[in-house]
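S.K.: First, the structure itself, so that you have it in front of you.
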Amino acid sequence: EYMIVEANEDYYRGKPVIDRIVIQQYATEDTMVQALLAGEVDMIDGVPYTAVQPLQEAENVEVVIMPSLGLDDLVINSHVNGTQPESLNDPAVRLAMEYAIDKQEIIDVGYAGYGEIAASILPPAMGDWVSPNIVAIPFDPDEGNRILEEAGYVDSDGDGIREDADGNPLEYRLYSEEMGTSARILEIISDGLADIGISAPPTLMDGDALYDLLEPDWDFDMILWGWGWD
Numbered sequence: 001e002y003m004i005v006e007a008n009e010d011y012y013r014g015k016p017v018i019d020r021i022v023i024q025q026y027a028t029e030d031t032m033v034q035a036l037l038a039g040e041v042d043m044i045d046g047v048p049y050t051a052v053q054p055l056q057e058a059e060n061v062e063v064v065i066m067p068s069l070g071l072d073d074l075v076i077n078s079h080v081n082g083t084q085p086e087s088l089n090d091p092a093v094r095l096a097m098e099y100a101i102d103k104q105e106i107i108d109v110g111y112a113g114y115g116e117i118a119a120s121i122l123p124p125a126m127g128d129w130v131s132p133n134i135v136a137i138p139f140d141p142d143e144g145n146r147i148l149e150e151a152g153y154v155d156s157d158g159d160g161i162r163e164d165a166d167g168n169p170l171e172y173r174l175y176s177e178e179m180g181t182s183a184r185i186l187e188i189i190s191d192g193l194a195d196i197g198i199s200a201p202p203t204l205m206d207g208d209a210l211y212d213l214l215e216p217d218w219d220f221d222m223i224l225w226g227w228g229w230d
């Protein structure tokens, strides 16, 4: 439920000015926000995007917004023993999907406008560690459709879903942990992929179930994931 850290009087730079810090854990982001508003805690971190404006309007609350060293991304199964369809290993399919997903809409809707499109696996806030030569792929469904068409993925039966040369449809499993605005983000991804002839119905599940998909069988196609500095 909570952890207490106390000042080390023998710290080589002198005893800290704060005697102790109580780190409280909450089951949901909403209960964490409500605890701050009720004066039960002095500070919270990782504020949900939808709570930023209400907190800014609240009395006796100061909201500090800063670049994050975390990043959310769409993980595509690349494991050699994974259960993903062979078409998902095709760079052309992956590139087409990149063009089809409206990342700015995800920021505006899923993150309430708080965010920046990353061009690589490193978040922009990492500064000089991020290569300026890597440019984010723009939102361009027409280009996504062109890439798939050129690679031989066509909708031969007119059902709106493209197939590979063997007639296998481009149908993928799309997962995310059920939290915050993940449902809306998955919808944006799924709708964008549908516009280029790829079916990826979204599925939400709890964190434990999601981890079970990863190991030992790597039984997934795509997962909305994220990472941050420790």
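Numbering-wise (full-length UniProt numbering), the sequence shown opens with residue 1 and increments by one. The C-beta atom is built at its ideal place from N, Cα and C for all residues, glycine as well.
Provide the residue(s) that pair with residue 28 in DSSP beta bridges, ordered along the chain.
M.R.: Here residue 28 is taken as the residue at index 28 of the sequence shown, counted from 1. Beta-bridge partners assigned by DSSP to residue 28: none are found.
S.K.: Along the chain, where does the beta strand (DSSP E) containing residue 74 start, and where does it finish?
M.R.: For this step, residue 74 is matched to residue 74 along the sequence shown. 71-76 is the span of the beta strand (DSSP E), which, as asked, contains residue 74.
S.K.: Counting only runs of 3+ residues fully inside the segment 37-113, write out the beta strand (DSSP E) ranges in chain order.
M.R.: Counting only runs that start and end inside the segment 37-113, the beta strand (DSSP E) elements of at least 3 residues fall at 71-76.
S.K.: What runs of the beta strand (DSSP E), each 3 residues or longer, lie entirely inside the segment 180-205?
M.R.: 202-205
S.K.: Which same chain residues, not among the five before or five after residue 72, have their C-beta less than 6 Å away from its C-beta?
M.R.: On the sequence shown, residue 72 is found 72 positions in, with the first residue counted as 1. Excluding positions up to five away in sequence, the list reads 226.
S.K.: Just verifying my parser: in three-state terms, what is the DSSP assignment at residue 169?
M.R.: Walking along the sequence shown from the start, residue 169 turns up at place 169. In the structure shown, residue 169 sits in a strand (DSSP, three-state: E or B).
S.K.: Using C-beta distances below 8 Å, list every residue in its chain close to residue 90, excluding the 5 sequence neighbours before and after it, in chain order.
M.R.: Here residue 90 corresponds to residue number 90 of the sequence shown, with the count starting at 1. Only 151 meet the Cβ criterion.
S.K.: Comparing the C-beta of residue 186 with each C-beta of chain D, is any distance below 8 Å?
M.R.: Absent from the structure is chain D; it holds one protein chain and no more.
S.K.: Identify every residue that forms a DSSP beta bridge with residue 3.
M.R.: Counting from 1 along the sequence shown, the entry for residue 3 is found at position 3. Per the DSSP secondary-structure output, residue 3 pairs in a beta bridge with 23.
S.K.: Would the segment 180-196 count as touching the segment 113-125 if we require 3 or more Cβ pairs under 8 Å?
M.R.: no
S.K.: Looking only at DSSP bridge pairs, what is residue 163 linked to?
M.R.: Working through the sequence shown from its first residue, we reach residue 163 at position 163. DSSP, once it has assigned bridges, lists 154 and 169 as partnering residue 163.
S.K.: Is it the case that the CB of residue 194 approaches a heavy atom of the ligand NAP more closely than 7 Å?
M.R.: No copy of the ligand NAP occurs in the structure displayed, which carries no ligand at all.
S.K.: Which residues does DSSP pair with residue 131 in a beta bridge?
M.R.: For the purposes of this step, residue 131 is taken as residue 131 along the sequence shown, with counting starting at 1. According to DSSP, which records beta bridges pairwise, residue 131 is partnered with nothing at all.
S.K.: How many whole angstroms separate the CB atoms of residue 28 and residue 110, which I take to be in contact at a CB cut-off of 8 Å?
M.R.: Here the question's residue 28 lines up with position 28 in the sequence shown. Here the question's residue 110 lines up with position 110 in the sequence shown. Not confirmed; about 18 Å, so no contact.
S.K.: In its own chain, which residues sit with a C-beta less than 7 Å from the C-beta of residue 84, not counting the 5 before and 5 after it?
M.R.: Taking the first residue of the sequence shown as position 1, residue 84 is located at position 84. Cβ within range, chain order: 77 and 221.
S.K.: Per DSSP, residue 222 is paired with what?
M.R.: In the sequence shown, residue 222 corresponds to position 222, counting from 1. BP columns for residue 222 point to 76 and 174.
S.K.: Can you list, in chain order, the residues of its chain whose CB lies under 8 Å from that of residue 58, leaving out five sequence neighbours each side?
M.R.: Against the sequence shown, residue 58 aligns to sequence position 58. Around residue 58: 37.
S.K.: For residue 39, does the count of other Cβ atoms within 10 angstroms reach 16, so buried, or fall short, so exposed?
M.R.: Along the sequence shown, read from residue 1 onward, the residue named residue 39 stands at position 39. By the neighbour-count criterion, in which 16 or more other beta carbons inside 10 Å mark a residue as buried, residue 39 falls on the exposed side.
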